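Contents: one structure, followed by commentary.
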Amino acid sequence: MINISKLYSNKLFLSIEMFILMVIPLSLIYLYPPIIHARLGVMSAGLFYVYLVAKLLHITPSSTGLTTVNFYPAIKSLCLPTSLFIATILLAYHFVPSTLITTAVQQEIAHQGIFFSLLGYLFISAPVQEIVMRTFLIPRLEHVSNNRYFLIIFTTLIFGTIHIPLNNYWLTISSYLLGILWAHNFINFRNFFALWLSHATIGSIFIYFLGSI
Numbered sequence: 002m003i004n005i006s007k008l009y010s011n012k013l014f015l016s017i018e019m020f021i022l023m024v025i026p027l028s029l030i031y032l033y034p035p036i037i038h039a040r041l042g043v044m045s046a047g048l049f050y051v052y053l054v055a056k057l058l059h060i061t062p063s064s065t066g067l068t069t070v071n072f073y074p075a076i077k078s079l080c081l082p083t084s085l086f087i088a089t090i091l092l093a094y095h096f097v098p099s100t101l102i103t104t105a106v107q108q109e110i111a112h113q114g115i116f117f118s119l120l121g122y123l124f125i126s127a128p129v130q131e132i133v134m135r136t137f138l139i140p141r142l143e144h145v146s147n148n149r150y151f152l153i154i155f156t157t158l159i160f161g162t163i164h165i166p167l168n169n170y171w172l173t174i175s176s177y178l179l180g181i182l183w184a185h186n187f188i189n190f191r192n193f194f195a196l197w198l199s200h201a202t203i204g205s206i207f208i209y210f211l212g213s214i
């Protein structure tokens, strides 16, 4: 009988898992760019895998941050860096708007309208990304190692890399920086809702101004 806990603590299995879940989908995007518009659907479908693994590994709500515990210290810690990223977006919009241009996202805004684009980002895209990238991935990685730097670097590399196909260097660099910020915050406070609020705020402001270009 397979020992699930031992399997998920195996580094080779982690490599295979990430290859299937991350490398193959990203490769398909490069081979057939239009499927980038299905990225949210793919990630949302991945929630089934997240749920299944969380059950198998007995990952608790407290370890995933799906609790109100530590919300205020977590959001307090995020206030300044979140504000700095928002200020950067505003400055970019007014002085170098070309740095915000993200063709795939602009096409989606044109198709859905700014209202539904913002609504979808606030209540679907941002929380799904946080559930997959921090709420699930960090507790899952802790079955391999509890090393803080490993957890931050691994999740940041994945979070930043999935933004590369959007072909916006500023957005990709920002994603790597935010990946560090949010992983660090999650490890310290274990609160999903604070990360959701920070992520949704920065992303929706970016989308709003991108739709105005």
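Per my numbering, residue 2 is the first one in the sequence shown, and the count goes up by one each step.
Glycine included, every Cβ here is placed at the ideal spot set by N, Cα and C.
Keep in mind that this is a model prediction, so the values were computed, not measured.
Does the Cβ of residue i have 16 or more other Cβ atoms within 10 Å, making it buried, or fewer, making it exposed?
i, result
"Tyr73", "exposed"
"Phe187", "buried"
"Phe124", "exposed"
"Asn147", "exposed"
"Ile60", "buried"
"Pro62", "exposed"
"Arg149", "exposed"
"Val97", "exposed"
So what does DSSP say about residue i, is it helix, strand or coil?
i, result
"Gly66", "coil"
"Leu138", "helix"
"Glu143", "coil"
"Tyr33", "coil"
"Ala186", "Going by the sequence as given, residue 186 is Asn instead of Ala. Helix, per DSSP."
"Leu58", "coil"
"Ile102", "coil"
For residue i and residue j, which I take to be in contact (beta-carbon distance under 8 Å), what is that distance rounded to the nearest angstrom?
i, j, result
"Leu27", "Thr103", "At roughly 17 Å, the Cβ-Cβ gap does not stay under 8 Å, so Leu27 and Thr103 are not in contact."
"Met44", "Val133", "6 Å"
"Ala127", "Gly66", "About 14 Å; that fails the 8 Å criterion."
"Ser6", "Val145", "Between Val145 and Ser6 the Cβ distance is about 11 Å, and since that is not below 8 Å, they are no contact."
Which residues bound the alpha helix (DSSP H) around residue i?
i, result
"Arg191", "No alpha helix (DSSP H) contains Arg191, which DSSP labels as neither H nor E."
"Glu18", "Lys12 to Met19"
Segment contact, 8 Å Cβ cut-off, at least three pairs: the stretch 52 to 59 with the stretch 108 to 128: no
Stretch-stretch touch, CB-based, cutoff 8 Å, three pairs: the stretch 79 to 89 with the stretch 197 to 204: yes
Cβ contact (3+ pairs, closer than 8 Å) linking the stretch 177 to 187 and the stretch 134 to 146: yes
The stretch 107 to 121 / the stretch 153 to 169 touching (three or more Cβ pairs under 8 Å): no
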